[in-house]
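Undergrad: First the structure, which I've put down as structure tokens, then a few questions once you've had a look.
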Amino acid sequence: MAVVESKQAPHFSKRGALVMKAFEEFAKSEPEDLIELSKQGYFTILLDENLRGLEGGLEDDGFKVIMPSQGLADDALKRKARGWAILTRNSQDFVSGAVRYDYDIIGIEDIKFVDDKGERTNETVRKISDAVRRSRIGTRKGNFWLKIRDNGSFHLEQLV
Numbered sequence: 396m397a398v399v400e401s402k403q404a405p406h407f408s409k410r411g412a413l414v415m416k417a418f419e420e421f422a423k424s425e426p427e428d429l430i431e432l433s434k435q436g437y438f439t440i441l442l443d444e445n446l447r448g449l450e451g452g453l454e455d456d457g458f459k460v461i462m463p464s465q466g467l468a469d470d471a472l473k474r475k476a477r478g479w480a481i482l483t484r485n486s487q488d489f490v491s492g493a494v495r496y497d498y499d500i501i502g503i504e505d506i507k508f509v510d511d512k513g514e515r516t517n518e519t520v521r522k523i524s525d526a527v528r529r530s531r532i533g534t535r536k537g538n539f540w541l542k543i544r545d546n547g548s549f550h551l552e553q554l555v
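The numbering used here applies: residue 396 is where the sequence shown begins, and numbers increase by one.
What follows is the structure, encoded as structure tokens:
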């Protein structure tokens, strides 16, 4: 079988030329990634008052940490936490208002020892930080209850 070479440029119909041009533009274009985060570009954690010692370590690990006034009632705390997550050892106190006030809950009841050393190497901070990142709670739409276990694993439950 002989190969026939043509010295003329291939001829396309008008429709074929448009299709070819569109394909060439598609092939040349660079992929454009788009990430849309719910909530904010950083994850904000409101600390329940008995967990104030975790503030420095969580901030060092890249979280925005809010410290409410001491003695603030739970209802006021719920209203203040809109769009954020409440870190607490009393998750049950906050579950009922999570959807209404639009916040997430990070429960650490199962962590046996809460180290209040205010630095990033704090073991409790590591468990919280790792669970928040692995669960991707900050990018999920809706309201969630992240229950962190003593071994660092977690259970993520959507609240409705």
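All C-beta atoms in this analysis are idealised placements derived from N, C-alpha and C, irrespective of residue type, glycine included. Source: prediction; values computed, not measured.
Please determine, among P463, S486, D488, the residue with the shortest C-alpha to C-alpha distance to A476.
TA: The residue with the shortest Cα to Cα distance from A476 is P463.
Undergrad: On a CA-only basis, which of Y437, V520, V555, G513 is nearest G502? Give me that one, please.
TA: When each option's Cα is compared against that of G502, the closest is V520.
Undergrad: Cα separation between H550 and W540?
TA: Cα-Cα distance, rounded: 8 Å.
Undergrad: Could you have a look at V460 and say whether DSSP puts it in helix, strand or coil?
TA: V460 falls in the strand class under three-state DSSP.
Undergrad: Hey, out of A493, G457, K522, A480, whose CA is closest to V555's CA?
TA: The option with the nearest alpha carbon to V555 is A493.
Undergrad: Going straight from the alpha carbon of E552 to that of D470, what length do you get?
TA: Their Cα atoms are separated by approximately 22 Å.
Undergrad: Would you mind reading off the limits of the alpha helix (DSSP H) that contains Q465?
TA: That residue, Q465, is in no alpha helix (DSSP H); it is neither H nor E in DSSP.
Undergrad: Determine the extent of the beta strand (DSSP E) in which G502 is found, giving its start and end residues.
TA: Its beta strand (DSSP E) spans residues 499-502.
Undergrad: How many Å lie between R534 and N517 at the Cα?
TA: For the sequence presented, residue 534 should be read as Thr rather than Arg. Looking at the two C-alpha atoms, the distance is approximately 25 Å.
Undergrad: Does DSSP classify S548 as helix, strand or coil?
TA: Here S548 sits in coil by DSSP.
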